[in-house]
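Scroll down for the structure; my scribbles are underneath it.
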Amino acid sequence: MSSSKTEITVRYNETDQMGIVHHSNYINYFEVARCDFIHLIGQTYKNLEAMGFMLPVLHVDCHYRSPAKYDDQVIIETKIKEYNGVRMTFEYVAYRKEDETVLVHGSTSHCWTDKNLKPIALKKSSPELHEQLLQMMKD
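FYI, in this note's numbering the residues of the sequence shown are 4 to 142.
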């Protein structure tokens with residue numbers, strides 16, 4: 004299964020009074036990592052939206068294991084966990100680059116829609132993109 008790895012340096016403004024990354028920032032990290040993953044199939048969110056496809060978030064799940072701190076190098080590994088042609092779920096594992104300690108793991112669920120947010124089947128709307136996503140799950 005193909006995956007992408009996104010490196011993020013924790014910025015000071017992402018930390019809380021305890022000096023650790025505020026929990027809400029991991030959702031932003033997931034989004035950055037998801038955009039990087041989309042690049043693996045030769046696309047960007049901007050291109051997908053120009054083609055008339057949207058990928059709204061339906062659900063977010065995040066499990067916190069260990070804190071990241073200011074200036075830590077964090078790697079977010081992203082892969083497709085599930086895809087049925089309409090809905091898809093990305094899976095994320097974030098770990099500290101220095102010692103590979105797992106910080107969080109989670110997932111986001113999405114639905115392919117048109118610009119009016121009406122669900123669409125990619126197999127019919129974009130067979131090439133559909134096949135690329137299926138291939139990403141196999142590799």
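By construction, the Cβ of each residue, glycine as well, lies at the ideal position given by its N, Cα and C atoms.
Per DSSP, Ala-36 is one residue of the alpha helix (DSSP H) stretching across 28–42. Contact between Met-139 and His-113 does not hold, since the beta-carbon distance rounds to 14 Å and is not under 8 Å. Cα atoms of Asp-19 and Tyr-73: separation of roughly 10 Å, rounded to the nearest angstrom. Assignment of beta strand (DSSP E) within the segment 40–93, counting only whole runs of 3 or more residues, yields 60–67 and 76–86 in chain order. In this structure, Thr-9 places its C-beta atom within 8 Å of the C-beta atom of Val-35. Contact check for His-26 against His-66 fails: the beta carbons are separated by 8 Å or more. Boundaries of the beta strand (DSSP E) around Leu-106: 105–114.
Separation of the CB atoms of Leu-120 and Met-57 is rounded to 6 Å, and the pair is thereby assigned contact status at 8 Å. Distance from the Cα of Ser-5 is smallest, within the candidate group Met-21, Pro-122, Glu-80 and Cys-38, for Glu-80. Gly-88 and Lys-126 do touch by the CB rule: their CB atoms are close to 5 Å apart, below 8 Å. Residue state for Glu-101 is assigned as coil, using DSSP reduced to three classes.
Looking from the CA of Gly-45, the closest CA among Ser-7, Pro-59 and Arg-14 belongs to Ser-7.
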